[in-house]
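So the structure is just underneath, and the comments pick up after that.
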Amino acid sequence: MAAPKNKKSGKNKSGRQKSGKNQWADHLTLRAKAENYPARSVYKLEEIQKKFKVMKKNDLVLDLGCAPGSWLLYAAKQVTGSGKVFGIDLKPIEIKLPNHVIAIKDNILNLGEDSFLDKSLRFNAVLSDMAPATTGRKDVDALRSFELCNMALTIAEDFLLQNGHFVCKIFQGNDFNIFQKNVKSKFKECKIFKPESCRKQSKEIYIIAKGKK
Numbered sequence: 242m243a244a245p246k247n248k249k250s251g252k253n254k255s256g257r258q259k260s261g262k263n264q265w266a267d268h269l270t271l272r273a274k275a276e277n278y279p280a281r282s283v284y285k286l287e288e289i290q291k292k293f294k295v296m297k298k299n300d301l302v303l304d305l306g307c308a309p310g311s312w313l314l315y316a317a318k319q320v321t322g323s324g325k326v327f328g329i330d331l332k333p334i335e336i337k338l339p340n341h342v343i344a345i346k347d348n349i350l351n352l353g354e355d356s357f358l359d360k361s362l363r364f365n366a367v368l369s370d371m372a373p374a375t376t377g378r379k380d381v382d383a384l385r386s387f388e389l390c391n392m393a394l395t396i397a398e399d400f401l402l403q404n405g406h407f408v409c410k411i412f413q414g415n416d417f418n419i420f421q422k423n424v425k426s427k428f429k430e431c432k433i434f435k436p437e438s439c440r441k442q443s444k445e446i447y448i449i450a451k452g453k454k
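Residue numbering for the sequence shown follows this note's numbering, starting at 242 and increasing by one per position.
Below you can see the structure in the form of structure tokens.
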């Protein structure tokens, strides 16, 4: 009798057994590829949109830290009609974008100065999935995340329409409550949300702020 064929063991190339968490991340990565998104982060925004409705038809949306472009593509599908999506990142966007999406390689600190944005342009939603280059030290990473979030909030204050919405990723740390309180003072509604598509061990969480005052 022939020996039975070995079933796939769920091990990685090093021979170690993959955890359920990693298999879940792999599943989302494969799904993103099948659906023509460059990264699985798209499913975080999808969960946010389904729960909080931060974008709608004809909206103008600004995506901070938009590379590799998954959020740009998803947002583009939400703002059909006369809507447009603008993105900015230090890294170039290498995927083909719809005609109503504009992305530029630049520093967010240049917005409103010598940038592609008209100084008078105002948005219905500002999205930030920005994250610092991690060091492995949670306190340092959280502090750097806090600094990026403050930059994103300043941009949201400057470029959001009244009653506009703000979505911001932040690493949980000592300054999280300070940032949350600051956001609450500027928006009518502020929620904390961790999408199921986030890695369970990740310290990242999202602030969903609606109705700029």
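Virtual Cβ for every residue (Gly too), placed ideally from N, Cα, C.
Does the structure place the region 392-412 close enough to the region 420-437 that three or more beta carbon pairs sit under 8 Å?
Using a Cβ-Cβ distance cut-off of 8 Å, the region 420-437 and the region 392-412 are in contact, since at least three pairs of beta carbons, one from each stretch, lie closer than that value.
Whole alpha helix (DSSP H) runs in the region 349-398 with 4 or more residues, listed along the chain?
Restricted to the region 349-398, not a single alpha helix (DSSP H) segment is unbroken, complete and at least 4 residues in length.
Rounded to the nearest angstrom, what separates Gly-306 and Ser-386 at their Cα positions?
C-alpha of Gly-306 to C-alpha of Ser-386: approximately 13 Å in a straight line.
Does the beta-carbon of Asp-382 have 16 or more other beta-carbons within 10 angstroms, so that it is buried, or is it exposed?
With 16 or more Cβ atoms within 10 Å of its Cβ, Asp-382 is classed as buried.
Find the nearest neighbour of Thr-270 within the set Arg-281, Ile-448 and Asn-277, judged by alpha-carbon distance.
Per the Cα distances, Arg-281.
Which first and last residues belong to the alpha helix (DSSP H) in which Val-283 is found?
283-293 is the extent of the alpha helix (DSSP H) around Val-283.
Identify, in the order they occur along the chain, each residue of the same chain with its Cβ nearer than 8 Å to the Cβ of Lys-435, setting aside the five sequence neighbours on each side.
Closer than 8 Å at Cβ, skipping near neighbours: Glu-445, Ile-446 and Tyr-447.
What is the rounded straight-line gap between the Cα of Ala-374 and the Cα of Cys-439?
The C-alpha of Cys-439 is placed about 17 Å away from the C-alpha of Ala-374.
Straight-line gap, Ala-308 to Val-367 (C-alpha atoms, nearest Å):
Distance between the alpha carbons of Ala-308 and Val-367 is about 15 Å.
Status (buried if at least 16 other CB within 10 Å, exposed otherwise) for Lys-248
Note that Lys-248 scores 41 on pLDDT, short of 50, meaning its location in the model is unreliable; the coordinates nonetheless yield the value given after this. Lys-248 comes out exposed.
How about Lys-298 and Val-320: do their beta carbons lie closer than 8 Å?
Yes, the Cβ-Cβ distance between Lys-298 and Val-320 is below 8 Å.
Does the Cβ of Asn-365 have 16 or more other Cβ atoms within 10 Å, making it buried, or fewer, making it exposed?
So Asn-365 counts as buried.
Rounded to whole angstroms, what's the CA-CA distance from Pro-339 to Asn-418? Just pull it up for me.
A straight line joining the alpha-carbon of Pro-339 with that of Asn-418 spans about 38 Å.
Going by alpha carbons, who is nearest to Lys-346 out of Ser-361, Arg-363, Ser-443 and Gly-328?
Of Ser-361, Arg-363, Ser-443 and Gly-328, the residue nearest in Cα terms is Gly-328.
Could you tell me the alpha carbon to alpha carbon distance between Ile-433 and Glu-335, rounded to whole angstroms?
Near 32 Å, if we compare the C-alpha coordinates of Glu-335 and Ile-433.
Please name the residue, chosen from Glu-276, Glu-388, Arg-363 and Lys-285, that lies closest to Lys-441 on a Cα-to-Cα basis.
Looking at Glu-276, Glu-388, Arg-363 and Lys-285, the one whose alpha-carbon comes closest to that of Lys-441 is Lys-285.
What residues in its chain sit with their C-beta under 7 Å from that of Ile-349, if we drop five residues either side in the sequence?
Scanning its chain for C-beta atoms nearer than 7 Å, with the 5 sequence neighbours on each side dropped, one finds around Ile-349 the residues Leu-305, Ile-329, Met-392 and Ile-396, in chain order.
Can you name the start and end residues of the alpha helix (DSSP H) that Ile-419 belongs to?
First-last of the alpha helix (DSSP H) with Ile-419: 417-425.
With 16 as the cutoff for other CB atoms within 10 Å, does Gln-403 come out buried or exposed?
With a threshold of 16 other beta carbon atoms within 10 Å, Gln-403 falls short and is exposed.
Within 10 angstroms of the Cβ of Lys-332, are there 16 or more other Cβ atoms? Answer buried if so, exposed if not.
A residue is called buried when at least 16 other Cβ atoms come within 10 angstroms of its Cβ; Lys-332 does not meet this threshold and is exposed.
Cβ of Trp-312 within 8 Å of Cβ of Asp-267?
Going by C-beta atoms, Trp-312 is not nearer than 8 Å to Asp-267.
Can the beta-carbon of Phe-293 be found less than 8 Å from the beta-carbon of Ile-411?
With respect to Ile-411, Phe-293 sits apart: the two C-beta atoms are not nearer than 8 Å.
Residue closest to Cys-390, alpha-carbon to alpha-carbon, out of Lys-360, Gly-377, Ser-443 and Gly-414:
The candidate whose alpha carbon is nearest that of Cys-390 is Gly-414.
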